[in-house]
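Counting with this note's numbering, you get residues 564 to 969 for the letters of the sequence shown.
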Amino acid sequence: MRISFRAALVTAAAALGLIATSVAPAQAATGYARCASGKFCVFDGAGGQGAMTSYTSPQADLGTWRSKASSVYNRTGYKYACLYSRTNYVYDDAVHEVEVVTAGAAQVDLADFQDSNSHLDNNLGSVRWAHTVRQCEGGNEYVDWSDTAASYPLSPAAFSDLNRDGMPDLLTRTYAGRLYFLGGDGRASLIGAGWNSMTALTRHGDLNGDGAEDLLARDTAGKLWMYPGNGKGAFGARQLIGGGWNTMTAIQAVGDLNGDGKGDLVARDTAGKLWMYPGNGKGWFGARKLIGGGWQVMRAFAGVGDLSGDGRNDLVVSDSSGKLWLYPGNGKGWFGARKMIGTGGWGPFTTLLGVGQMARDAHPDLLAAQSVATGGEIRIYYGRTAGAIANDGGYYGHLEDGDALF
Ligand SMILES: [Ca+2]
Ligand SMILES: [Ca+2]
Ligand SMILES: [Ca+2]
Ligand SMILES: [Ca+2]
Numbered sequence: 564m565r566i567s568f569r570a571a572l573v574t575a576a577a578a579l580g581l582i583a584t585s586v587a588p589a590q591a592a593t594g595y596a597r598c599a600s601g602k603f604c605v606f607d608g609a610g611g612q613g614a615m616t617s618y619t620s621p622q623a624d625l626g627t628w629r630s631k632a633s634s635v636y637n638r639t640g641y642k643y644a645c646l647y648s649r650t651n652y653v654y655d656d657a658v659h660e661v662e663v664v665t666a667g668a669a670q671v672d673l674a675d676f677q678d679s680n681s682h683l684d685n686n687l688g689s690v691r692w693a694h695t696v697r698q699c700e701g702g703n704e705y706v707d708w709s710d711t712a713a714s715y716p717l718s719p720a721a722f723s724d725l726n727r728d729g730m731p732d733l734l735t736r737t738y739a740g741r742l743y744f745l746g747g748d749g750r751a752s753l754i755g756a757g758w759n760s761m762t763a764l765t766r767h768g769d770l771n772g773d774g775a776e777d778l779l780a781r782d783t784a785g786k787l788w789m790y791p792g793n794g795k796g797a798f799g800a801r802q803l804i805g806g807g808w809n810t811m812t813a814i815q816a817v818g819d820l821n822g823d824g825k826g827d828l829v830a831r832d833t834a835g836k837l838w839m840y841p842g843n844g845k846g847w848f849g850a851r852k853l854i855g856g857g858w859q860v861m862r863a864f865a866g867v868g869d870l871s872g873d874g875r876n877d878l879v880v881s882d883s884s885g886k887l888w889l890y891p892g893n894g895k896g897w898f899g900a901r902k903m904i905g906t907g908g909w910g911p912f913t914t915l916l917g918v919g920q921m922a923r924d925a926h927p928d929l930l931a932a933q934s935v936a937t938g939g940e941i942r943i944y945y946g947r948t949a950g951a952i953a954n955d956g957g958y959y960g961h962l963e964d965g966d967a968l969f
């Protein structure tokens with residue numbers, strides 16, 4: 564795929580084999596092998612020849628190397644080295660725009676990167692590194708999430724609206740483990756760091772009875788925590804629900820399933836059994852009830868609210884054959900007969916997420932995001948009558964390494 568980037572991107576992925584197999588010569592006077600792990604190296608000759616200098620931190624101005632760098636090697640550990648012909652990481656200069664056909668290789672001759680002025684050979688002004696193209700292009704650490712805010716209904720949604728402004732919002736975790744609130748209007752606020760220690764995150768509805776949507780998170784030790792939403796896109800002090808949740812292979816908040824108005828949870832265990840945990844309205848759960856077995860063939864889960872249109876919350880899941888299913892809640896804590904709402908092709912969509920009403924109609928909508936390996940597209944499937952969904956063909960940007968949405 565031909566992709567136009569505004570900076571030359573050098574992926575480290577192709578280097579991994581080389582790192583593992585290359586052997587430094589006894590007298591390493593030339594070649595890429597001189598570049599040590601953790602470094603970004605610049606050579607004044609093509610192909611790693613000639614004099615070399617190396618960096619462990621981004622360089623806003625390569626100084627004397629600016630006019631003599633001819634090849635580079637990215638061994639920083641970051642997926643991308645962002646190469647700019649200008650100093651100070653200026654990437655949006657039409658004269659110096661660089662077009663790259665693929666993500667490139669970890670070892671590159673700068674003469675291969677032509678811009679409309681000349682090329683990066685002997686013209687490398689600045690360099691930094693990142694895990695996403697987004698950051699190379701001057702973007703944010705977090706996924707962009709914005710839409711035409713003016714078209715949103717200004718009535719609070721029952722779910723997916725952490726700050727209760729009527730606009731669907733998201734949580735996103737970055738490669739570095741920072742969790743952000745994305746308001747849907749292009750703004751973002753940092754919730755905190757260290758969230759890579761969580762192995763499951765889900766939010767859909769109010770668990771402690773204050774009307775604000777809450778967040779559940781499972782840590783690596785298997786403890787499940789409830790983070791009470793403050794109604795403004797942030798959370799109060801977390802409360803421990805309990806341990807032992809590592810036996811669950813899926814944890815999905817679904818809103819109220821049993822008709823008592825309190826948010827509930829479904830979870831699948833390693834045997835493929837799906838359990839319903841009835842919320843007690845105080846932030847934790849009563850005795851679980853078995854919904855059924857055979858759920859090990861299911862992949863992604865989403866609490867979508869009432870997609871079927873009967874006033875009861877439903878569950879949407881994809882299976883191992885790429886089909887998408889709607890499980891209509893029966894209002895008693897389990898589900899009626901499932902309905903196929905996607906006949907195939909859902910395998911790449913490893914993230915499914917209820918996002919409330921993106922469109923101003925009576926139906927909730929579904930966010931579906933592909934894995935990064937399959938393109939990472941973030942799409943919205945709009946709810947239609949009787950539980951059907953439809954995509955308008957567009958997408959809302961894409962996920963990159965480390966990005967996760969909740
Ligand atoms: Ca909102
Ligand atoms: Ca709450
Ligand atoms: Ca309930
Ligand atoms: Ca329903």
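We put the CB at the ideal spot given by N, CA and C, even for glycine.
Please list the terminal residues of the continuous alpha helix (DSSP H) segment that includes residue i.
i    : result
C699 : V696 to C699
How many Å lie between residue i and residue j at the Cα?
i    : j    : result
G594 : Q933 : 39 Å
G849 : Y840 : 6 Å
G799 : G774 : 14 Å
Q698 : V860 : 36 Å
G907 : L887 : 7 Å
A748 : H694 : Note that residue 748 corresponds to Asp in the displayed sequence, not to Ala. Their Cα atoms are separated by approximately 24 Å.
N726 : N686 : 47 Å
K825 : K845 : 9 Å
M921 : A936 : 26 Å
Y643 : L673 : 15 Å
S634 : G611 : 6 Å
A713 : S617 : Confidence in A713 is poor, its pLDDT being 46 and thus under 50, which makes the residue's placement too unreliable to answer from.
D769 : S752 : 21 Å
D928 : D732 : 12 Å
G956 : I904 : 17 Å
W692 : A925 : 45 Å
V829 : L683 : 54 Å
V690 : D964 : 20 Å
G746 : G729 : 10 Å
If you follow the beta strand (DSSP E) that residue i is in, where does it begin and where does it stop?
i    : result
F798 : Unbroken run through F798: none, as it is neither H nor E.
L733 : L733 to R736
W692 : S689 to A693
C604 : F603 to F606
T762 : M761 to T765
V829 : D827 to D832
A953 : I952 to N954
F744 : L742 to L745
K836 : Segment: none, K836 is in no beta strand (DSSP E) and carries neither H nor E.
T914 : T914 to G917
A644 : Y643 to Y647
A931 : L929 to A932
D672 : Q670 to D672
For residue i, name the three-state secondary structure that DSSP assigns.
i    : result
G899 : coil
G818 : strand
N637 : strand
Q622 : strand
T937 : helix
R532 : Beyond the ends of the chain as shown, which are 564 and 969, falls residue 532; an answer cannot be given.
R781 : strand
V879 : strand
W909 : coil
Y958 : coil
V860 : helix
A967 : strand
L889 : strand
W758 : helix
G611 : helix
R942 : strand
A850 : coil
- [ ] Decide if the segment 817-827 is in contact with the segment 888-901; the criterion is three or more beta carbon pairs, one per stretch, under 8 Å apart.
- [x] With the rule of 3 Cβ pairs closer than 8 Å, the segment 817-827 counts as touching the segment 888-901.
TODO: Check whether the segment 757-770 touches the segment 689-698, taking contact to mean three or more Cβ pairs, one atom from each stretch, closer than 8 Å.
DONE: In short, these stretches do not touch, since the Cβ pair count stays below three.
TODO: Count the C-beta pairs between the segment 738-758 and the segment 799-814 that are closer than 8 Å, then say yes if the count reaches three, no if not.
DONE: Contact between the segment 738-758 and the segment 799-814 is absent, with fewer than three C-beta pairs closer than 8 Å.
Open item on the list: Assess contact between the segment 945-963 and the segment 620-633, defined as three or more Cβ pairs (one per stretch) separated by less than 8 Å. Is contact present?
Closed with: Segments in contact, no.
Task: Below 5 Å from a heavy atom of ligand 1 - residues by beta-carbon - done: Chain-ordered list of matching residues: D724, N726, D728, M730 and D732.
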